[in-house]
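Here's the structure we're looking at; comments come further down.
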Amino acid sequence: MSRRSCVAGIALAAVVASFAGVSAPAVAAAAARPSSSSVRQKLPPAAARGKRANHRAPVTVPVPVSVPLADARAMASVDVGAVAREFDTWLDGVAAANAVAGLAVAVVNDDQVVLERAIGFADVATAERVTPQTVFRLASLSKAFATALTGLLVDDGRMQWDTRVADLLPTFALSDAAAGAQLTVRDILSHRVGLPHNTYDRLLEQDEPYELLVDRLKDVPMTCPVGECYGYQNIAFSLIGDVVFATTGDFYYHQVEKRIFHPLGMRSATYGRDALEASPGWARPHRRSAAGWVAFAPTEAYYRVAPAAGVNASLRDMEQWLMAQMGARPDVLSPALLDTLHTPLVETRRDLHVSPWRRGRLRDAQYALGWRVYDYAGQTLIFHAGAVQGYRAMIAFLPHQRFGVVMLWNCESATPGGLVPMLLDRYLGLPEVNWAGIERGTEPSDDGSSLGGHD
39 MSRRSCVAGI
49 ALAAVVASFA
59 GVSAPAVAAA
69 AARPSSSSVR
79 QKLPPAAARG
89 KRANHRAPVT
99 VPVPVSVPLA
109 DARAMASVDV
119 GAVAREFDTW
129 LDGVAAANAV
139 AGLAVAVVND
149 DQVVLERAIG
159 FADVATAERV
169 TPQTVFRLAS
179 LSKAFATALT
189 GLLVDDGRMQ
199 WDTRVADLLP
209 TFALSDAAAG
219 AQLTVRDILS
229 HRVGLPHNTY
239 DRLLEQDEPY
249 ELLVDRLKDV
259 PMTCPVGECY
269 GYQNIAFSLI
279 GDVVFATTGD
289 FYYHQVEKRI
299 FHPLGMRSAT
309 YGRDALEASP
319 GWARPHRRSA
329 AGWVAFAPTE
339 AYYRVAPAAG
349 VNASLRDMEQ
359 WLMAQMGARP
369 DVLSPALLDT
379 LHTPLVETRR
389 DLHVSPWRRG
399 RLRDAQYALG
409 WRVYDYAGQT
419 LIFHAGAVQG
429 YRAMIAFLPH
439 QRFGVVMLWN
449 CESATPGGLV
459 PMLLDRYLGL
469 PEVNWAGIER
479 GTEPSDDGSS
489 LGGHD
């Protein structure tokens, strides 16, 4: 390489770095609609479930040097009820340690909810408790709704996965004009735009309008050709909202409500901060202080990019969504569509190292359409996490076993995220590792692995 090329490369790297931001999910404001709660039997309170002081607790052991494989014999004879009960005891530990302000969690197996539990407060200041109907922000879990809607429109013939964005949005451009002209719907929904990770997220957080930031994508030096590398996006991902409007003449969030929320019975799912605050019961975001958890007002920034992170939903809503993703609702999401949504498209090697449980359990990591696809100890795991200030969420499922979990919490605590791999380990017959740190009485460090830009 010539000295001139080397210097140019260093300069380009510096410019590219200046555009990248580390941040949470993206969301556009949307109109509210009435919300209601479904009628279902509630779990008995913790006291009614009885004490479990003598129940076997997870053992804290060193993270394995090499990734173990799931135990096929253990999986064949797994007692899902016992797995759920043990998971419930770990939730007792989270509650006892005051590790979260509030948390709602469901475990689903073969289209049945085998555990549904809510702990803590939707609002510490008023002592309002979290319930399965409490509405949370979903942050980047919203991305899978965007890809599902896109798939439904593809099925309708409104567009194709390989439809070029510039054909529908003539003013859209990237710094490489030829590359920008070739960018497809599939590329934006799999984060293969060729831009630095989290481009312009920080400016979005500083109240810059989405429309202005999308127009300025043409000023950003590209890190690779379109379609050839992974770079997680919130603003560029939300171009799908403009594509949906161009193909349907309807607002993006209206289409999601009509095609997904309503058919699946997600009665309290909405878009936007106004809709969140209009919900009959909603979780306030909390931060930890010397005096304990303190509620604060939800931020607006990421509500401006709805497809990337705009959904509000309750645990009851997300139970329906999880079951649909595992194949329980072919009338809404067909097997062929699910196969497309869950098919890996680009490697995400960084995921193998961003947290202890990933280092200890993942053999491969890729991104599909709004979903991460992991090789978890030899088993396919479909996963996504997300965060926006004061909210965290995770959803994970084993598609071949139709076993999964969804967790929503209203504070920036890393503890619940560690419970997900503990549950998977227990189900798959893997060595027990205390990924959540609940027995040590200390919270694992939040390494950013659940953030909207790093989930």
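According to the numbering used here, the sequence shown is numbered sequentially starting from 39.
Built from N, CA and C at the ideal position, the CB exists for glycine as well.
Is L446 close to chain B? Criterion is C-beta to C-beta, closer than 7 Å. Here chain B cannot be found, since the structure has a single protein chain.
For V384, is the beta carbon positioned less than 6 Å from some heavy atom of the ligand HEM? The ligand HEM is not among the ligands present in this structure, which contains no ligands whatsoever.
Would you call the CB atoms of G279 and L233 closer than 7 Å? With respect to the 7 Å criterion, G279 and L233 are not classified as neighbours on the basis of their beta carbons.
For M356, tell me which candidate among R388, T337, V443 has the shortest Cα-Cα distance. V443
For A133 and P469, the rounded distance between their alpha carbons: When the Cα atoms are used, P469 and A133 turn out to be separated by approximately 24 Å.
Across the segment 256 to 265 and the segment 217 to 236, are there enough close Cβ pairs to call them in contact, namely three or more that are closer than 8 Å? yes
Smallest Cα separation from D193: which of P323, A160, S372? S372
Should S104 go down as buried or exposed, given a rule of 16 or more other Cβ atoms within 10 Å for buried? Looking at its Cβ environment, which holds fewer than 16 other Cβ atoms inside 10 Å, S104 is exposed.
Do V281 and L206 have their C-beta atoms within less than 7 Å of each other? yes
Three-state secondary structure (DSSP) at F289? coil
Spatial distance of T169 from A142 (CA atoms): 7 Å
Leaving out five residues on either side along the sequence, give the residues of the same chain with a beta carbon under 7 Å from the beta carbon of W331. A139, V162, H324, C449
Buried or exposed (CB count within 10 angstroms, at least 16 for buried), A165: Burial call: exposed.
Return the bridge partner residues of N350 from the DSSP annotation. R175, T308
Quick one: grab the DSSP three-state call for Q404. strand
Beta bridge counterpart(s) of M432 as assigned by DSSP: Note: M432 sits in a beta bridge opposite A423, M445.
Within 10 angstroms of its Cβ, does D245 collect 16 or more other Cβ (buried), or is it exposed? Classification for D245: exposed.
I'd like to check one pair, R354 with Q171: are the Cβ atoms closer than 7 Å? yes
What does DSSP give as the partner residues of E385 in its beta bridges? Q404
From T337 to Y290, what does the alpha carbon distance come to, in whole angstroms? Inter-residue distance for T337 and Y290 is about 21 Å (C-alpha atoms, whole angstroms).
P368 burial status per 10 Å Cβ neighbour count (16 or more: buried): exposed
Supposed contact pair A177 and A403 - C-beta distance, whole angstroms, cut 8 Å: Not confirmed; about 20 Å, so no contact.
Would you kindly work out how many angstroms separate the C-alpha atoms of S352 and A216, rounded to a whole number? 43 Å
For E357, which three-state DSSP category applies? helix
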